[in-house]
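Student: Just passing along the structure, written as structure tokens.
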Amino acid sequence: MKAHTYETQSTITPEKALNFLKEGNQRFVNNLKANRDLLEQVNATREGQWPFAVILSCIDSRTSAELIFDQGLGDVFSIRIAGNFVNQDILGSMEFGCNVAGSKLIVVLGHTKCGALKGGLDAAQIEGMGMDNLNHLINHFDPIITEVIEEGEERSSKNSSLLERLNQQNVKNAIEDIRKQSSTLKNLEEEGKIKIVGANYDVETGVVTWL
């Protein structure tokens, strides 16, 4: 497989970009990596880059987008932050990826057993560790926890049902935030130039489920 060029990127539709990732995850799960000459891709992308997708995922060491979607150099923009949520800087990166660099797809990728979301559920314990910036990060999930937790339900990372509901709602909220907070990306989506989709990666099986 060769690196994408301006010409090949311009022929990719949002639907085709999504299929590239679906097919890539199938290869990953079946241990059938595409044949790539990575040094050739280094050479092919030395003058520029034409990725077809922007993927927002968690910093979790098990969720490298290039690996789980079997993509090469220059194929995707990979944005990573603990808990895969959006802020102004991430939105700016997405706007660059789609409106400037021509990507056709935005994926918000959550994953099972997310440590950041576990931290949000166990916030009282984390806050006692004296890590100011981590406390700030995990407090981001408080409104979503309030949204998904049921009356009388235990707020704990050991509550696997609550953790997975939080994971999926966090992805949905991130997609809503993209549309609400970036008129650029919202307009591109409404014009059919990009798609914004959510997905969930299972750290036990390697399978990506599309939400």
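Using the numbering used here, the letters of the sequence shown map in sequence onto residues 7 to 217. Each residue gets a CB set at the ideal place from its N, CA and C atoms; glycine is no exception. Values in this document were obtained by computation on a predicted structure and should not be read as measured data.
If I follow the unbroken beta strand (DSSP E) through Asn37, where does it start and stop?
Tutor: No beta strand (DSSP E) contains Asn37, which DSSP labels as neither H nor E.
Student: Spatial neighbours of Glu195 within its chain, please: C-beta separation below 8 Å, excluding the five flanking residues on both sides.
Tutor: These residues qualify, in order along the chain: Arg185, Lys201, Ile202.
Student: Take Trp216 as the anchor and find which of Arg33, Val113, Glu182 has the nearest alpha-carbon.
Tutor: Among Arg33, Val113, Glu182, the Cα nearest to that of Trp216 belongs to Val113.
Student: Taking only runs of the beta strand (DSSP E) that begin and end inside the stretch 143-198, which ones reach a length of at least 3 residues, in chain order?
Tutor: None, since the stretch 143-198 contains no complete beta strand (DSSP E) of that length.
Student: Based on Cα-Cα distance, which residue from Ala205, Asp81, Asn179 lies nearest to Gln15?
Tutor: Residue Asp81 is the option with its Cα nearest to Gln15.
Student: Quick one, which of Ala23, Ser84, Asp148 has its alpha-carbon nearest Leu62's?
Tutor: Nearest C-alpha to Leu62: Ser84.
Student: Alpha carbon to alpha carbon, what distance is there between Asp183 and Glu156?
Tutor: Cα to Cα, Glu156 sits roughly 23 Å from Asp183.
Student: Nearest-angstrom Cα distance between Gly54 and Gln47?
Tutor: Between Gly54 and Gln47, the C-alpha separation is close to 11 Å.
Student: At a threshold of 7 Å, does Thr190 count as lining the ligand NAD (C-beta to nearest heavy atom)?
Tutor: Questions concerning the ligand NAD fall outside what the structure shown contains, since it holds no ligand whatsoever.
Student: Using CA atoms only, rank isn't needed, just tell me which of Leu168, Thr69, Glu21 is closest to Gly212.
Tutor: Of Leu168, Thr69, Glu21, the residue nearest in Cα terms is Thr69.
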